[in-house]
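For reference, the structure discussed in these notes is given below.
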Amino acid sequence: MKSARKLHNQPMRIFAISDLHVDYEPNREWVQQLSRADYVDDMLILAGDISHKQPLLEECLLALTSRFAQVLFVPGNHDLWVLDEPPGTDSITKFNRLAKTVSDCGAFMEPIRRGELLVVPLLGWYDYSFGMPGKELNSGWTDFRACRWPAGFTMDDVAAYFDRLNAPVSTEGASKLITVSHFLPRIDLIPSYVHERFRVLDPVLGSTRIEERLRRLKPSIHVYGHSHINRSVWIDGIRYVNNAFGNPRESRITSKQLLCIEEIELP
Numbered sequence: 001m002k003s004a005r006k007l008h009n010q011p012m013r014i015f016a017i018s019d020l021h022v023d024y025e026p027n028r029e030w031v032q033q034l035s036r037a038d039y040v041d042d043m044l045i046l047a048g049d050i051s052h053k054q055p056l057l058e059e060c061l062l063a064l065t066s067r068f069a070q071v072l073f074v075p076g077n078h079d080l081w082v083l084d085e086p087p088g089t090d091s092i093t094k095f096n097r098l099a100k101t102v103s104d105c106g107a108f109m110e111p112i113r114r115g116e117l118l119v120v121p122l123l124g125w126y127d128y129s130f131g132m133p134g135k136e137l138n139s140g141w142t143d144f145r146a147c148r149w150p151a152g153f154t155m156d157d158v159a160a161y162f163d164r165l166n167a168p169v170s171t172e173g174a175s176k177l178i179t180v181s182h183f184l185p186r187i188d189l190i191p192s193y194v195h196e197r198f199r200v201l202d203p204v205l206g207s208t209r210i211e212e213r214l215r216r217l218k219p220s221i222h223v224y225g226h227s228h229i230n231r232s233v234w235i236d237g238i239r240y241v242n243n244a245f246g247n248p249r250e251s252r253i254t255s256k257q258l259l260c261i262e263e264i265e266l267p
């Protein structure tokens, strides 16, 4: 049976959200209450941080792929925590397993092309290109104990590893190009009103590698997550969008709703 939207020849909508963190029960309930009829012709861009717990991640992905025509997912740092994994499991091993889980759930971690639309995920990690961590960050940032990397890996090695997984993509014939990352591609996406005491987090927010990649692709929109600070800002011809769900206490800087970032007429 065709949806009501398709019967009325509506364009495909592209929604974006990040940082669902379904470890929180209210966040999990929000996902489950999403309409099963309203988005069946639409695409969802999910910019990382569902859960480090495999059952919750699967539950969330299955809920979303049953509601949207296509779901594109870029893993975040929380998704690669190994707190509940057997000893010796590192975060790269978990990433490879996660990639299979995403596929098994019917979502994508590869570029999606629909007519003249091309959506390209950009894998990455922070590499201290936004600044070096200080004592407070080194002792308090959960990733430093919740993620585990192969022996001898620095954060630059981690970022380079994920950057190399971004295969070349042909943009020929794509009149609308959207790129997606979990981590920030540039530090000036943090707004000026953020208090100085929070800027201690700058080193673990993102990487200039991501900006270099997306600039080569020349998207009209770049979707990102991680900062839990919702924004839509134009910089040098590209619209940067963050629509984080965030934890239940974050009500001023995040949004507890989907954001439609584009509508595309399909043949």
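Sequential numbering of the sequence shown, starting at 1, is according to this note's numbering.
Yeah, the Cβ is synthetic: ideal placement off N, Cα and C, and Gly gets one too.
These numbers come from a predicted model, not from an experiment.
> In this structure, does DSSP put F73 in helix, strand or coil?
Replying inline: Within the sequence shown, numbered from 1, the residue matching residue 73 stands at position 73. F73: strand per DSSP, three-state reduction.
>> In whole angstroms, give me the CA-to-CA distance for P133 and A159.
In response: Looking up residue 133 in the sequence shown gives position 133. Looking up residue 159 in the sequence shown gives position 159. About 16 Å.
> By a C-beta neighbour count over all protein chains shown, 10 Å radius and 16 as the cutoff for buried, is F15 buried or exposed?
Replying inline: Here residue 15 refers to the residue found at position 15 when the sequence shown is read from its first residue. So F15 counts as buried.
> Hey, which unbroken runs of the alpha helix (DSSP H) at 4 residues or more fall wholly within the stretch 25-77?
Replying inline: 25-32 and 54-65
> Can you check whether the CB of G124 is closer than 9 Å to the CB of I210?
Replying inline: Translated into positions along the sequence shown, residue 210 becomes position 210. Translated into positions along the sequence shown, residue 124 becomes position 124. A contact, by the Cβ cut-off of 9 Å.
> Quick one: Cα of K176 to Cα of D79, how far?
Replying inline: Against the sequence shown, residue 176 aligns to sequence position 176. Against the sequence shown, residue 79 aligns to sequence position 79. About 29 Å.
>> Can you look up N230 in the DSSP assignment and give me helix, strand or coil?
In response: The residue given as residue 230 occupies position 230 in the sequence shown. If DSSP states are grouped into helix, strand and coil, N230 belongs with coil.
> In its own chain, which residues sit with a C-beta less than 6 Å from the C-beta of Y161, not counting the 5 before and 5 after it?
Replying inline: Locating residue 161 in the sequence shown gives position 161, counting from the first residue. The answer is none, since no qualifying residue turns up.
>> I'd like to check one pair, H222 with I253: are the Cβ atoms closer than 9 Å?
In response: In the sequence shown, the residue the question calls residue 253 occupies position 253. In the sequence shown, the residue the question calls residue 222 occupies position 222. No, these two residues do not count as a Cβ contact at 9 Å.
> DSSP three-state call for G131: helix, strand or coil?
Replying inline: Residue numbering aside, residue 131 sits at position 131 when the sequence shown is read from its first letter. It is coil, neither helix nor strand.
> If we count the other Cβ atoms within 10 Å of its Cβ and call it buried at 16 or more, is A244 buried or exposed?
Replying inline: On the sequence shown, position 244 is the one that residue 244 refers to. Flag for A244 reads buried.
> Tell me which same chain residues have a C-beta within less than 7 Å of the C-beta of V22, skipping the five on either side of it?
Replying inline: As a first step, residue 22 must be located in the sequence shown, where it is residue number 22. R28, V31, I50, S51, L56 and C60, listed in sequence order.
> To which residues of the same chain is V102 closer than 6 Å at the C-beta, ignoring the five residues directly before and after it?
Replying inline: Here residue 102 refers to the residue found at position 102 of the sequence shown. The residues are F73 and M109.
>> I need the straight-line Cα distance from I261 to F153, nearest angstrom please.
In response: Here residue 261 refers to the residue found at position 261 of the sequence shown. Here residue 153 refers to the residue found at position 153 of the sequence shown. If you take the alpha carbons of I261 and F153, they lie about 37 Å apart.
>> If I measure Cβ to Cβ from G131 and keep anything under 6 Å in the same chain, skipping five residues before and after, which residues do I get?
In response: Indexing the sequence shown from 1 puts residue 131 at position 131. Taken in chain order, the residues that qualify are D202 and P203.
>> Mapping the DSSP letters down to three states, classify Y126 as helix, strand or coil.
In response: Numbered from 1 along the sequence shown, position 126 holds the residue referred to as residue 126. If DSSP states are grouped into helix, strand and coil, Y126 belongs with coil.
> Do you know whose CA, among L266, E265, L205 and L214, lies nearest G76's CA?
Replying inline: As a first step, residue 76 must be located in the sequence shown, where it is residue number 76. Comparing Cα-Cα distances from G76 to each of L266, E265, L205 and L214, the minimum goes to L205.
> Is the stretch 80-92 touching the stretch 178-193, taking contact as three or more C-beta pairs under 8 Å?
Replying inline: no
> Which of the three DSSP states, helix, strand or coil, is assigned to P168?
Replying inline: Along the sequence shown, one-based indexing puts residue 168 at 168. Coil, per DSSP.
> According to DSSP, what are the bridge partners of Y224?
Replying inline: Walking along the sequence shown from the start, residue 224 turns up at place 224. According to DSSP, Y224 bridges with N242.
> In whole angstroms, what is the alpha-carbon distance linking L259 and I45?
Replying inline: Residue 259 sits at position 259 when you count from the first residue of the sequence shown. Residue 45 sits at position 45 when you count from the first residue of the sequence shown. Roughly 10 Å between the two C-alpha positions.
> Comparing alpha-carbon positions, which option in D19, M12, R13 and Q10 lies nearest H226?
Replying inline: Locating residue 226 in the sequence shown gives position 226, counting from the first residue. Per the Cα distances, D19.
>> Rounded to the nearest angstrom, what separates A47 and S139 at their Cα positions?
In response: The residue labelled residue 47 in the question sits at position 47 within the sequence shown. The residue labelled residue 139 in the question sits at position 139 within the sequence shown. Going by the C-alpha atoms only, they are around 27 Å apart.
> Between which two residues does the alpha helix (DSSP H) harbouring I17 extend?
Replying inline: By one-based count along the sequence shown, residue 17 stands at place 17. Taken as a continuous stretch (DSSP letters only), I17 belongs to no alpha helix (DSSP H), being part of the beta strand (DSSP E) at M12 to I17.
> Is the CB-CB distance between V120 and V71 below 9 Å?
Replying inline: Translated into the one-based positions of the sequence shown, residue 120 becomes position 120. Translated into the one-based positions of the sequence shown, residue 71 becomes position 71. Cβ atoms of V120 and V71: not closer than 9 Å.
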